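Protein chains in written order, with this note's numbering: chain A, 7 to 778; chain B, 7 to 778.
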């Protein structure tokens, strides 16, 4: 754990330059706009430790799978979002001496991520080996208004000399992925073009043949006034640049403005790509730096208007939750239903930028509440569009009749992962995808989603479950063998309670969904049934499984059993595990982890969280007490579910304690892995801890419920949500629940189980938390 | 399956040259002498498909592990016997035209592996593109008398011309392994030396720094008379050669004799290696080709004297069993307790030449009966010498107090394998190593083995089992979780019956062994107990586990259960599995295999085979009938155990049928994989099918038992065994059991349960098979 980020409500601030922290800061200060993103690498040359990262959403490379021992069914490749052309590069020479923070004496270094306005700023004074001293101020952002555009304003002021400053602004496409399986480069050159102030470089990905045109327009300013310049063009293999020299005088600020663009063949015709890039560059340069920055500020203001959380009395918490919200919106904006949310977003290479079940289980609830409905709908449509691939994937594993198994890890719908115990067996992901459909409709009321998209996906998923269970003569029940649950510290287990319960829920929900569509859109229903070659017998097959499924439980303890035989394990509690042996995933061999009772992340409890209405509080408490005591939370996705359940059980201290485990996970580099990138999807979990945990927000029967409490350490917290057209601002302090809507419509809300009527806004005195 | 090998009692014969079969024949016609070995590559240049292979026992390279997803505890490298310098190379030019069977017209091609005398012969006529025709006769062997020596006699007769023949005899060390994980070469150059008729090349392996000096001495003969020659030395990177030209006349036979040596730093001081090689070359060249070949013939005759099996009435079976015996003795001679038996011997790269539990479970019984006692003793001592590494290996996985886990795959005692479900969980191998000690003592009566070696190994193994089980409150028994049994089509299962039974057997046997040593050698026992820091409490801990171990079984069916929950699987029989879906390991995805009831190889039945005396015939039959029907035998190690049990159950047809599945596995290329190398360890299984199956040989209470039957298709079979000093030749025909010993000592033997006395030899009329 580290603690070098300065606490501030709206800004992430680093003061002083410590090269050892640089890769961590490169992750933390990352920028993105849903379409592209980058690590906070320096514009100027840096010979110290750095992980260069520029990423373009949806542009991926199928890297040949590396495997020790091949198993039938393994995918041939792992699709990964690849490191793209570096467009921020500005080599700086002062009197022929290269500016490099690794070789300069750096003072007054400050790095600021301004989350309110959406930009990154870096200020420092550098004394070069020659003794020449300069002050640098660099501002950078990825526009969320023009999401193909990135902007830099890089200013240098000579502090103790008059002399020549030389900028080489460049775009470097000769990059590679650190995680390349076979140390290959993934880009081929297509074309380039350089004028006095514009540069274009088009590259094509190998195999996938995506084309990306990266461009830049540069301006030179002296004391904020534009000046003419003659640049020298520099062309190398997959590299374009322009060199400009200027003679500066002491205390004169020389600025290079670089307005860049990244356009891809996903969104433009290849033949038209260069021309289109020229148009975008022309438009953006016409707006100019100040206008672009103003628009960025306004756009972020409107995002915050819909999504901000204000925490009074805890500045560290305030900073952290805004950081999480900010990074989530930098990663995914919901404009494009071909894109999704990689566990590291645009902040690193790990996990290949691919889609996991994190999206459905953790991110969908966040976007449902904080963004327009279309945003989460697009996350759902992403899977709908990949249904054919999910059916193919299931076929490869021996399923038929349109059974769909969505992949564990994917870019384009094809499975990328290759550990048999995950790839083939961690099939509960299929259920999370169905659950997200339910969650979306529950929150938005948009039942029509079923007609056009949802039902087809649900039928594919239920067909899979139907074939994946088998009748056990021994149990006289249906069983599901050979699975891995969310707790990946168990592999190839039988009858994972969570997976079993999720599977039958999927079938029940599919039957219900079919009835809804049949009723609302009979002819559309008929067409779908025909298209899918659906046989009514399938409903009865599902019903029979629903009625006769086996769910492991222990009657004595009154708990659901994580899987068959779980109680045969030596039952040790996490509190009795020596600190020196944790985290067990670093200290223990894999087999020891597997045969221990220790749980990586919510498993039975994930099921109880999903289906809490099916269980009484006493049951929830027994299971929570049993499993929480055995859970090591070695996934960043674990604590939030525990926090929400603890809050539900009125255990406020525990709820807060779990919330703390991920709230500042990256800002404080808890797990010593922030340098690899940020834990983007787990950030949504922190949001859930506050809104679903502390505020106890639920949607039941089309109505909002709250069951709030105020963490002891806070004075108040408030958050904004979108709910069925209303924009609500909800504030909870020690005594009251306050609500303010964006209009004066009637509102009916349940607080601690009591119905309350509001018109626009209102305030309710809080008594005790409801225990329902 | 193929059928191109010509049936012959003592020879393996291929007639006609088919390049498509070449890699298969290279495996089948492999040569070895326990110290070195090689595939049957051609001496002359060959531009067609070939897998070059020259191997030197015990000289290995730690190739960096390749893995998709790293798990804690995985080994860093896979030690593999590496492809060594090619010493057979003889480039042949006829009138400046290179002889290459891929570009010549080849007629009268014949390849013969003479198993009786232990050499490989190749005869062919080649018409070169120029029209020049030659006859070639090449004889080659690896001496089992001087096991550092290999010999070639390569003769050419011009058939239709007078002209120049040029030989370049060479040693080429610039070789690599096809299975290199990172496409690296493993050898560094040390030194070389070339004289007119001698050439020396010393290489050093990277990392492990073994040095190997490969040398050759050449002679030139015309019509079998030695002639003088002047050779031209050829030196390249890791390559030495000598070029000799001679003008031959039509029908004159020109022969190049090449006597080669391979000496390693395992057996000689590095500083002395070259000198020592010169001595060996001098000795061998003094003997000369004919003497060396004669000695080879005599040495093989004496091996056959101890081990031959004669089958009358089935030439294919006769050829096959001799082939299996021959290849086993080519692979392992038992002279060196640092060597072992790789599943492919010296015939290919697959499995890295490393040691598996195949040695203990399948090869030890073969060598016990067919070779001097020291041979199998050395196989046991191999493990004893690696005990420290086994203890380290267990420590890495979290065990302590001297617990030993022998590796799944190893060269020097360190684990090489890296699939968690095998490496960490297929721990029954530990039991097979203990069982081999028992088996050795049961067969030889050499209880003293326990004093010096056995008990220490047994204590390490029992300490492992003690820590590997845990008390299940739920079962009120000890359980063993997270294992993989011999049936690798199940992973990470709980309470594998075979492993559980083997574990408690190990503890029982260790207690008994300790009592024996304490009684026979009290002071040695005391020293050992002190050295191992052994506490008497450990005996009672073991006893408690022995008394309270859980063994899964199904009372209704009267069978032992392969593992917990096995009966929850869909119970389909192999006979009902469509042919198009077999072998399932090629047709099904891994998860489907795992959740099916299908069994790769004997598992419960392996346990029943090991401990048959503990079960009555009805129990054996119930288990056999149940499991055999579910076994797909997709391991070459599976059929022999089934054959032996079927024989025991008097099901002669089935016993024969299982025997057939591996008898000609490689000769007929059943699985289309002979080109990768031969299934050396499974060859011992075929021997077991005949001797333990058809002849029903057992050792009980220090006495030999037979329970023979004659397969319907045979007229008789006879085999030779060593048993406690006696050399016995046993013959079984349709009516009688005949025995002939090498001396006239009294012999007491049980046949069909009846005691019989012999003096030297005897004959017993056979009635019905005993069912006991």
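Think of the CB as a built atom: it goes at the ideal place given N, C-alpha and C, for glycine as much as any other residue.
All figures in this text were calculated on a predicted structure; none of them were measured in a lab.
Note to self: Tell me which residues share the same chain as residue 457 (chain A) and place their Cβ nearer than 6 Å to its Cβ, disregarding the 5 neighbours each side in the sequence.
What the structure shows: Counted from its first residue, the first chain places residue 457 (chain A) at position 451. Listed in chain order, the non-local C-beta contacts of residue 457 (chain A) below 6 Å within the same chain comprise 523, 527, 530, local neighbours out to five positions each way being set aside.
Item checked: Beta carbon of residue 359 (chain A) nearer than 7 Å to that of residue 348 (chain A) -> In the first chain, residue 359 (chain A) corresponds to position 353, counting from 1. In the first chain, residue 348 (chain A) corresponds to position 342, counting from 1. With contacts defined as CB atoms closer than 7 Å, residue 359 (chain A) and residue 348 (chain A) qualify as a contacting pair.
Check: What separation, rounded to the nearest whole angstrom, lies between the Cα atoms of residue 248 (chain A) and residue 679 (chain A)?
Finding: Your numbering for residue 248 (chain A) matches position 242 in the first chain. Your numbering for residue 679 (chain A) matches position 673 in the first chain. So the two alpha carbons sit approximately 37 Å from each other.
Note to self: Helix, strand or coil for residue 689 (chain A)? Go by DSSP, reduced to three states.
What the structure shows: As a first step, residue 689 (chain A) must be located in the first chain, where it is residue number 683. Assigned with DSSP and collapsed to three states, residue 689 (chain A) falls in helix.
Margin query: Buried or exposed, going by whether 16 or more other CB atoms sit within 10 Å of the CB of residue 8 (chain A)?
Written below: As a first step, residue 8 (chain A) must be located in the first chain, where it is residue number 2. Classification of residue 8 (chain A): exposed, given that the 10 Å Cβ count is below 16.
Notebook entry, point to check: Mind checking if residue 632 (chain B) is an interface residue toward chain A, Cβ cutoff 7 Å exclusive?
Noted result: Position 626 of the second chain, counting from 1, holds the residue named residue 632 (chain B). No, its Cβ sits nowhere closer than 7 Å to a Cβ of chain A.
Notebook entry, point to check: When we look at the beta-carbon of residue 601 (chain A) and count the other beta-carbons within 10 Å, is it buried (16 or more) or exposed?
Noted result: In the first chain, counting from the first residue as 1, residue 601 (chain A) sits at position 595. Its Cβ being crowded by 16 or more others within 10 Å, residue 601 (chain A) is buried.
Margin query: Would you say residue 548 (chain A) lies against chain B (beta-carbon separation less than 7 Å)?
Written below: For the purposes of this step, residue 548 (chain A) is taken as residue 542 along the first chain, with counting starting at 1. Using a CB distance cut-off of 7 Å, residue 548 (chain A) does not count as an interface residue toward chain B.
Notebook entry, point to check: In chain order, what residues of the same chain have a beta carbon less than 6 Å from the beta carbon of residue 143 (chain A), not counting five sequence neighbours either side?
Noted result: Here residue 143 (chain A) is taken as the residue at index 137 of the first chain, counted from 1. Around residue 143 (chain A), the same chain offers 129, 161 as residues with beta carbons nearer than 6 Å, after the five sequence neighbours per side are excluded.
Margin query: Any heavy atom of the ligand SAM closer than 6 Å to the beta-carbon of residue 84 (chain A)?
Written below: The ligand SAM is absent from the structure shown, which contains no ligands of any kind.
Item checked: Neighbourhood of residue 435 (chain A) by C-beta distance below 7 Å, restricted to the same chain and skipping five residues each side -> The residue given as residue 435 (chain A) occupies position 429 in the first chain. So the list reads 363, 412, 414, once near-sequence residues are dropped.
Check: How would you list, in chain order, the residues of chain B whose beta-carbon sits under 8 Å from the beta-carbon of residue 71 (chain A)?
Finding: As a working mapping, residue 71 (chain A) is identified with position 65 in the first chain. Result: 74.
Check: With DSSP run on the structure shown, which of helix, strand or coil describes residue 711 (chain A)?
Finding: Here residue 711 (chain A) refers to the residue found at position 705 of the first chain. Look at residue 711 (chain A) here: in three-state DSSP terms it is strand.
Item checked: residue 34 (chain A), buried or exposed, once every other Cβ within 10 Å from all chains shown has been counted against 16 -> For the purposes of this step, residue 34 (chain A) is taken as residue 28 along the first chain, with counting starting at 1. Counting Cβ neighbours within 10 Å, residue 34 (chain A) comes out buried, since at least 16 surround it.
Note to self: Within 7 Å of any Cβ in chain B, is that where the Cβ of residue 37 (chain A) sits?
What the structure shows: Within the first chain, the letter at position 31 stands for residue 37 (chain A). Not one chain B Cβ lies under 7 Å of residue 37 (chain A).
Checklist line | Cβ of residue 600 (chain B) within 7 Å of any chain A Cβ | finding: Numbered from 1 along the second chain, position 594 holds the residue referred to as residue 600 (chain B). For residue 600 (chain B), a Cβ of chain A is located within less than 7 Å of the residue's own Cβ.
Checklist line | residue 348 (chain A) at chain B interface by Cβ criterion, 7 Å | finding: Taking the first chain and counting its residues from 1, one reaches residue 348 (chain A) at position 342. Among the residues facing chain B, residue 348 (chain A) is not included, as its CB has no counterpart in that chain under 7 Å away.
Next item on the list: Please list the segments of the beta strand (DSSP E) lying wholly inside the region 144–176 of chain B, counting only runs of 3 or more residues, in order along the chain.
Entry: Whole beta strand (DSSP E) segments, 3+ residues: 155–164.
Checklist line | Whole-angstrom C-beta distance between residue 645 (chain A) and residue 628 (chain A), which should lie under 8 Å | finding: For the purposes of this step, residue 628 (chain A) is taken as residue 622 along the first chain, with counting starting at 1. For the purposes of this step, residue 645 (chain A) is taken as residue 639 along the first chain, with counting starting at 1. No, residue 628 (chain A) and residue 645 (chain A) are not in contact; Cβ-Cβ is about 20 Å, not under 8 Å.
Note to self: With a threshold of 7 Å between beta-carbons, can residue 587 (chain B) be considered close to chain C, or not?
What the structure shows: Checking the listed chains, one finds no chain C in this structure; the protein chains it contains are A and B.
Margin query: To the nearest angstrom, how far is the alpha carbon of residue 633 (chain B) from that of residue 334 (chain B)?
Written below: To locate residue 633 (chain B), count along the second chain from 1; it is residue 627. To locate residue 334 (chain B), count along the second chain from 1; it is residue 328. When rounded, the separation of the alpha-carbon atoms in residue 633 (chain B) and residue 334 (chain B) is 30 Å.
Note to self: Given this structure, state the Cα-to-Cα distance separating residue 535 (chain B) from residue 541 (chain B), to the nearest angstrom.
What the structure shows: As a working mapping, residue 535 (chain B) is identified with position 529 in the second chain. As a working mapping, residue 541 (chain B) is identified with position 535 in the second chain. Cα to Cα, the separation comes out at about 8 Å.
Next item on the list: Tell whether a beta-carbon distance below 7 Å holds between residue 208 (chain B) and residue 219 (chain B).
Entry: Sequence index remark: in the second chain, residue 208 (chain B) carries index 202 (1-based). Sequence index remark: in the second chain, residue 219 (chain B) carries index 213 (1-based). In contact: residue 208 (chain B) and residue 219 (chain B) (Cβ atoms closer than 7 Å).
Next item on the list: Please classify residue 430 (chain B): does DSSP put it in a helix, a strand, or coil?
Entry: By 1-based counting over the second chain, the position of residue 430 (chain B) is 424. In the displayed model, residue 430 (chain B) falls within coil according to three-state DSSP, outside both helix and strand.
Checklist line | Short CB-CB distance (under 7 Å) between residue 401 (chain A) and chain B | finding: Working through the first chain from its first residue, we reach residue 401 (chain A) at position 395. For residue 401 (chain A), the answer is no, since every Cβ of chain B falls outside 7 Å of its Cβ.
Notebook entry, point to check: Between which two residues does the beta strand (DSSP E) harbouring residue 270 (chain B) extend?
Noted result: Position 264 of the second chain, counting from 1, holds the residue named residue 270 (chain B). 260–270 is the span of the beta strand (DSSP E), which, as asked, contains residue 270 (chain B).
Margin query: Please identify the residue among B:73, B:69, B:372, B:591 whose C-alpha is closest to the C-alpha of residue 449 (chain B).
Written below: Locating residue 449 (chain B) in the second chain gives position 443, counting from the first residue. Ranking B:73, B:69, B:372, B:591 by Cα distance to residue 449 (chain B) puts B:372 first.
Checklist line | First through last residue of the beta strand (DSSP E) which encompasses residue 734 (chain A) | finding: One-based indexing of the first chain puts residue 734 (chain A) at position 728. Judged by DSSP secondary structure, residue 734 (chain A) falls within the beta strand (DSSP E) whose first and last residues are 732–739.
Checklist line | Cβ-Cβ distance between residue 317 (chain B) and residue 325 (chain B) below 7 Å | finding: Residue numbering aside, residue 317 (chain B) sits at position 311 when the second chain is read from its first letter. Residue numbering aside, residue 325 (chain B) sits at position 319 when the second chain is read from its first letter. No, the Cβ-Cβ distance between residue 317 (chain B) and residue 325 (chain B) is not below 7 Å.
Check: What residues from the region 423–453 of chain B come within 7 Å of chain A, judged by C-beta to C-beta, listed N to C?
Finding: Listed in sequence order: 424, 425, 426, 430, 431.
Check: At what residues does the alpha helix (DSSP H) containing residue 589 (chain B) begin and finish?
Finding: Translated into the one-based positions of the second chain, residue 589 (chain B) becomes position 583. Segment: none, residue 589 (chain B) is in no alpha helix (DSSP H) and carries neither H nor E.
Item checked: The alpha helix (DSSP H) enclosing residue 526 (chain B), as first and last residue numbers -> To locate residue 526 (chain B), count along the second chain from 1; it is residue 520. Run containing residue 526 (chain B): 503–526, per the alpha helix (DSSP H) assignment.
Notebook entry, point to check: Does DSSP put residue 778 (chain B) in a helix, a strand or coil?
Noted result: To locate residue 778 (chain B), count along the second chain from 1; it is residue 772. Summary for residue 778 (chain B): the model assigns pLDDT 46, below 50, so the residue's position carries little reliability, and this model does not support an answer.
Next item on the list: Would you check if the distance between the CB atom of residue 464 (chain B) and the CB atom of residue 516 (chain B) is smaller than 7 Å?
Entry: In the second chain, counting from the first residue as 1, residue 464 (chain B) sits at position 458. In the second chain, counting from the first residue as 1, residue 516 (chain B) sits at position 510. At a Cβ-Cβ threshold of 7 Å, residue 464 (chain B) and residue 516 (chain B) count as neighbours.
Checklist line | residue 732 (chain A) to residue 244 (chain A) span [Cα, whole Å] | finding: Walking along the first chain from the start, residue 732 (chain A) turns up at place 726. Walking along the first chain from the start, residue 244 (chain A) turns up at place 238. Taking the straight line joining both Cα atoms gives about 50 Å.
Notebook entry, point to check: My guess is that residue 1 (chain A) and residue 691 (chain A) are in contact by the Cβ rule of under 8 Å, so how many angstroms apart are they, rounded?
Noted result: Outside the shown range of chain A, which is 7 to 778, sits residue 1 (chain A), and nothing can be said about it.
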